[in-house]
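**Q** Numbering (the working numbering), first residue to last: 8 to 83.
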């Protein structure tokens with residue numbers, strides 16, 4: 008992905024936590040976001056994981072967190 012499109016994705020993803028991602032692609036979107044973006048996206052998913060009560064959503068979020076290659080974040 009090019010730098011401008013990464014920046015645009017980052018600008019869209021973080022300020023819109025209410026944005027509804029279709030359930031059938033949510034795991035892919037979260038994983039891609041975590042793997043391509045910075046620590047802010049990982050933190051956003053981490054906080055979302057802790058704030059949600061739906062077990063199915065928690066599973067998707069937890070799996071997405073593992074898509075990062077940042078060992079510091081993964082060891083938290």
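No residue lacks a Cβ here, since even glycine has one placed at the ideal position from N, Cα and C.
Kindly indicate which three-state DSSP category residue 44 falls into: helix, strand or coil?
**A** In the structure shown, residue 44 sits in coil (DSSP, three-state: anything other than H, G, I, E or B).
**Q** Do residue 56 and residue 68 have their C-beta atoms closer together than 8 Å?
**A** Yes, the Cβ-Cβ distance between residue 56 and residue 68 is below 8 Å.
**Q** Under DSSP, the alpha helix (DSSP H) around residue 63 begins and ends at which residues?
**A** Looking at the DSSP string, the run of the alpha helix (DSSP H) that includes residue 63 is 62-72.
**Q** Can you list, in chain order, the residues of its chain whose CB lies under 6 Å from that of residue 33, leaving out five sequence neighbours each side?
**A** Counting only Cβ-Cβ distances below 6 Å, and skipping sequence neighbours, we find 67.
**Q** Closest to residue 54 by CA distance: which of 27, 35, 28 and 72 is it?
**A** Comparing Cα-Cα distances from residue 54 to each of 27, 35, 28 and 72, the minimum goes to 72.
**Q** Which residue marks the beginning of the alpha helix (DSSP H) containing residue 78, and which one marks its end?
**A** Start and end: 78-81.
**Q** Among 43, 64, 44 and 46, whose alpha-carbon lies nearest the alpha-carbon of residue 27?
**A** Among 43, 64, 44 and 46, the Cα nearest to that of residue 27 is on 64.
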